[in-house]
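Quick note: the sequence shown uses the numbering used here, first residue 1, plus one each step.
Where is the CB? At the ideal position from N, CA and C, for every residue including glycine.
Computed from a predicted model, the values in this text were never measured in an experiment.
Scroll down for the structure; my scribbles are underneath it.
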Amino acid sequence: MKRFHRWPTVAMTAVAAALLASCGDNSDLPCCDPPPPAQLLHVASPEWQDQIVYFVMTDRFNDGDPSNNDQGAGEFDPADGAKYSGGDLRGVEAKIDYIKGLGATAVWVTPPVANQWWDPLNNYGGYHGYWASNFMEVDKHMGTLADYKSLSSSLHKSGMYLIQDVVLNHTGNFFSYRGGYDAADPTKFLVMNTASKPGAAPTQSPFELNDPRNADHVKAGIYHWTPSISDFQDAAQEKNYQLSDLDDLNTENPAVRDALRKSYAYWIKEVGVDGFRIDTAFYVPPDTFKDFLYSTDTTNPGIVAAAKATGRENFLSFGEGFASDRAYEDTKAKKIDSYMTDPATGETILPGMINFPLYTSAGDVFARGRPTAELGYRIRDVMTTHKRPHLMPSFLDNHDVDRFLAGGSEAGLKQNLLMMMTLPGIPVIYYGTEQAFKEQRAAMFKAGYKSGGKDNFDTTAPLYQYIAQVSALRKANKVFSRGTPTVLKENGAAAGVFAYKMSWNGTTAFVVFNTADGETLLDNLETGLAAHAVLKPLFAASGTATQAVADKNGRLSMKLPARSAYVWLATADTASVVDPTATISMTALNDAKEAGDFTVSGVSTELTNFKLVIDGDVAHAQTVTPAGDGSWSATVDTATMIDPTIRHSIVAWSETSAVLSNSGSFFVDRPFVKLAEVVDPAGDDVGPTGVYKYPTNDSWGSNRQLDLRKVTVSGAGGAMRIDVQTNKVTTVWNPANGFDHVAFTIFIEVPGKAGGVTAMPLQNAVLPGGMKWHYRLRAHGWSNAIFTSSGASASNEGTNASPAAGLKVDTATNTVSFILPDASLGKLSSLSGVKVYVTTWDYDGGYRGLSPTTQEWAFWGGNGATDPLVMDDTTVISLP
């Protein structure tokens, strides 16, 4: 019998040590197995701004122990995205070398605590970890406390850190309200989730006191007895109502606060957790975080004190405030900052908050081709609104939003990654990004959900290698993790040039992008360096990084290839170059206001011709031939300049002579002209066979968000505006795009254009009337993508393209508008003969399900595997 085979974790007992010493040469005896190495649970805090985080959804990452997968409650099924798939803590530990190879220095795991495994009221499982039933136990699907300690120790021995996702706002869904709510009597409309698995209530005190029909439970006041939030603009609902049916904790109650401090300090002390990501921060009063972090209670002190007791002087806590601003707005950013810094006292609350506004702006620019000035504004705002931008985790996708590659290109993804690695903020890589995942919560391991039938841990994958390279760039140059950015160049009208410098401790680095899918001109970038200063190449997103040299004025100008990105380091060196003798000048245009086409003029020397470049667009630049005396003039075509608020740029440029004029800027106010309008009958949102029904949840109900009422198509040259009016625009789930509970899929056919597809991807349908689509828009509350028909089929959305449509929402008229610049449709000169077809459904990581029988969160009345996923549609609209 191996009585001493399992040695104590940290140190041998005296008896065990004596026994081992007595073994002598008898090492084959059972009692003489060597002890395992001591665990390393507690380490000093790192400088968090220098870290790179890898975020895993544990259940979907890797299965290290198949024996814990199925707990016999009907909660496990890797074929079902609503159920457990099998990943666990041992699986994460087994892949530490894989994660470290990416350059990550910390691993963030979704909550490993005991969860509600299955919620029959919503037909969904707690595989993700955010539906706690006990905050102080490891969920059986995740493994054991020993497994968690082992993961922590292995990370620390690898020089890495452990971040645990935690929840203060709610538990799982053990009670709900259906059909109404009476604040005076919380037992009315109450539905106790009695069939919940593995139990009908939390198992931890005091959270088990969750029945408002019990006087003792009501007196304890552990919960707010409230329904789900219906109005996210109502502050009382935001703080006190249930978020998506999850039981809202009364975090103002001292007993709740004490239990939460005790629960989460446990993981620091027992496991050695180094930081917390705090879920759903907006739904908890900021004062709760002050107590959670800084309480001086002697029995259960705040997290900061608990961490210091383990040697962690710089424990990181960062919150999730799921809110993003529209372009050139910062209301949500200020709200996010109010959870980091008390606006009344200036005191620190949470050290950091996830930078959702930066995520949105970066996605709009790199995935959807929006003007790069929107990102410039966001970066400036981050640095002025927040006191600690370096502790704000940045990301490009996660478990709550579409994958970047679901609506963006790999080239855009690489640019976004480079931006994250060269700006203040803690970069977060969501698992699977390095393997080019498109599915939001797919498994990395072969047996898991939507894994593609294989393990996805390929260290030779192009994106894995790329992320490793940009991680190395950040680590080797602290100017990127600790420096201050200054935006130097941006495009106010379109995708194209975006440039900033990072400065820290006497070091300056320049980061330059071309976000356009064609060549663009970087003109007259003011580096602040000496004449002919040499810029040392540090990185190129593709190809070879080469040296750059400033001109005699310390400016940098060059033609940038499509989707290129470069990083240079300023040096004190100068190059010996001969300055060009040719010159170009242009009449000054400083934010000129134009009502239509206009003329620009100037003088050149030693040039037979040159290009007039508008908004950096080299491919469509106008060739100008000067007169004999060098004078020149040219008419600027403004037919497709559709937004009077957009600042356009203009410069004269000779590529062969390497000379440029001064840069100019102007605005154009040219209205759209209505081309077609279709009125759609009310109440025909019943599917193609007239029998489809909305999900039974009250948030749809009489709103009938999918009922089209009118579609108007307008044009300005080759630009298009599509105004889609529905029965009602709602914002029940606080959508970033300003509307929810409906997804619009819009198909566009261009006359005379080769190719085209009749299949409606993922919708089990084909276009009516023999129409073929060349461009397809798909937009809902949290995504906005455009595709070309290249590679499209019934099961493939086609090829991601940009720029995506601009979105505007008018809740007064229940209208969502899609504004497509001419570049979105291949630079058409006219919209004559173009066809448009509009459909509605809904989208949640994919088109929402359709079931034969009644469903609360899915449409019903058909077979989702074969029947069309179309609730309402227009006729085919042909433009004159």
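Check: Looking at the unbroken beta strand (DSSP E) that takes in residue 154, where does it start and where does it end?
Finding: Counting along the chain, residue 154 falls outside any beta strand (DSSP E), though it belongs to the alpha helix (DSSP H) covering 145-157.
Notebook entry, point to check: Which partner residues of residue 715 appear in the DSSP bridge assignment?
Noted result: 673, 720, per the DSSP bridge assignment.
Next item on the list: Examine the Cβ distances between the segment 762-771 and the segment 710-727 and report whether three or more of them are shorter than 8 Å.
Entry: Too few Cβ pairs lie closer than 8 Å, so no.
Item checked: Neighbourhood of residue 166 by C-beta, 6 Å cutoff - its chain only, sequence neighbours within 5 removed -> Excluding its 5 nearest sequence neighbours in each direction, residue 166 has C-beta neighbours in its own chain below 6 Å: 264, 276, 278, listed in chain order.
Margin query: Residues in the same chain with beta-carbon distance under 7 Å from residue 536, minus the five sequence neighbours each way, listed in chain order, please.
Written below: Excluding sequence neighbours, residue 536 sits near 547, 568, 569, 571.
Checklist line | Range covered by the beta strand (DSSP E) that runs through residue 137 | finding: Per DSSP, the continuous beta strand (DSSP E) segment holding residue 137 begins and ends at 132-138.
Margin query: Short of 6 Å in beta carbon distance, which residues of its chain neighbour residue 422, apart from the five on each side in sequence? Order them along the chain.
Written below: If the five residues before and after residue 422 are omitted, its C-beta is found closer than 6 Å to the C-beta atoms of 480, 511, all from its own chain and listed in chain order.
Notebook entry, point to check: Looking only at C-alpha atoms, which of 506, 541, 874, 489 sits nearest to residue 523?
Noted result: Of the listed residues, the one whose Cα sits closest to residue 523 is 489.
Next item on the list: Within its chain, find whatever has a CB closer than 8 Å to the CB of residue 182; leave out the 5 residues flanking it on each side and keep chain order.
Entry: The residues are 188, 189.
Item checked: Boundaries of the beta strand (DSSP E) in which residue 622 is found, first to last residue -> Element bounds for residue 622: 622-624.
Next item on the list: Could you tell me which residues DSSP pairs with residue 430 in its beta bridges?
Entry: Within the DSSP secondary-structure output, residue 430 pairs in a beta bridge with 55.
Next item on the list: Note down the Cα distance separating residue 154 from residue 313, rounded to an integer number of angstroms.
Entry: Between residue 154 and residue 313, the C-alpha separation is close to 21 Å.
Notebook entry, point to check: With distances taken between CB atoms, is the gap from residue 321 to residue 268 smaller than 8 Å?
Noted result: Remark: C-beta atoms of residue 321 and residue 268 do not approach each other more closely than 8 Å.
Next item on the list: Within 10 angstroms of the Cβ of residue 597, are there 16 or more other Cβ atoms? Answer buried if so, exposed if not.
Entry: With fewer than 16 other CB atoms across the displayed protein chains lying within 10 angstroms of its CB, residue 597 is exposed.
Check: Looking only at DSSP bridge pairs, what is residue 164 linked to?
Finding: Bridge partners of residue 164 according to DSSP: 109, 276.
Checklist line | Nearest neighbour of residue 758, chosen from 636, 835, 347, 428 [CA to CA] | finding: When each option's Cα is compared against that of residue 758, the closest is 835.
Checklist line | Inter-residue CB distance, residue 282 and residue 323 (contact presumed, cutoff 8 Å) | finding: Contact holds; Cβ gap of about 7 Å.
Item checked: Straight-line gap, residue 802 to residue 784 (C-alpha atoms, nearest Å) -> Spanning the alpha carbons of residue 802 and residue 784 requires a straight line of approximately 11 Å.
Check: Taking the alpha carbon of residue 458 as the point to measure from, which residue in 192, 470, 529, 445 has its own alpha carbon closest?
Finding: When each option's Cα is compared against that of residue 458, the closest is 445.
Notebook entry, point to check: Starting from residue 363 and walking both ways along the alpha helix (DSSP H), at which residues does that stretch end?
Noted result: It spans 356-366 - the alpha helix (DSSP H) in which residue 363 sits, taken as one unbroken run.
Next item on the list: Please report how far the alpha carbon of residue 64 lies from the alpha carbon of residue 87, in whole angstroms.
Entry: Residue 64 and residue 87: Cα-Cα distance of roughly 7 Å.
Note to self: Given a cut-off of 8 Å on the beta-carbon distance, is the pair residue 619 and residue 612 in contact?
What the structure shows: No, the pair does not count as a contact, with Cβ atoms beyond the cut-off.
Item checked: Reduced DSSP category for residue 215 - H, G, I as helix; E, B as strand; rest coil -> In the structure shown, residue 215 falls within a helical segment according to DSSP collapsed to helix, strand and coil.
Next item on the list: Measure the alpha-carbon distance for residue 13 versus residue 146 and round it to whole angstroms.
Entry: Low per-residue confidence applies at residue 13: pLDDT is 35, beneath 50, and the placement is therefore not dependable enough to give any value.
Margin query: To the nearest angstrom, how far is the alpha carbon of residue 866 from that of residue 858?
Written below: Taking C-alpha positions only, residue 866 is separated from residue 858 by approximately 15 Å.
Next item on the list: Look up residue 537 in the DSSP assignment and give the residues it is bridged to.
Entry: Partner(s): 568.
Item checked: Under 8 Å between C-beta atoms of residue 224 and residue 248 -> Note that the C-beta distance between residue 224 and residue 248 is below 8 Å.
Notebook entry, point to check: Within the 8 Å Cβ cut-off, does residue 167 reach chain C?
Noted result: No chain C appears in this structure, which consists of one protein chain only.
Check: Sorted by chain position, which residues of the same chain lie with C-beta nearer than 8 Å to residue 744's C-beta, five sequence neighbours on each side aside?
Finding: Excluding positions up to five away in sequence, the list reads 724, 777, 778, 779, 780, 816, 818, 838, 839, 840.
Checklist line | Buried versus exposed, by CB contacts within 10 Å (16 or more), residue 213 | finding: Burial call: exposed.
Check: Under three-state DSSP, which class holds residue 31?
Finding: Here the model assigns residue 31 a pLDDT of 47, short of 50, so the residue's position is not dependable and the matter cannot be decided.
Note to self: Measuring only the C-alpha atoms, how far is residue 97 from residue 91?
What the structure shows: Rounded to whole angstroms, residue 97 and residue 91 show a C-alpha spacing of 12 Å.
Next item on the list: My understanding is that residue 582 touches residue 556, with C-beta atoms under 8 Å, so please give their C-beta distance in whole angstroms.
Entry: For residue 582 against residue 556, the beta-carbon gap comes to about 19 Å, at or over 8 Å, which does not count as contact.
Check: Would a C-beta distance cut-off of 8 Å place residue 879 and residue 675 closer than the cut-off?
Finding: For residue 879 and residue 675, yes; Cβs fall inside 8 Å.
Margin query: Quick test of the definition: if touching needs 3 or more C-beta pairs under 8 Å, does the segment 682-698 touch the segment 586-602?
Written below: The segment 682-698 is not in contact with the segment 586-602.
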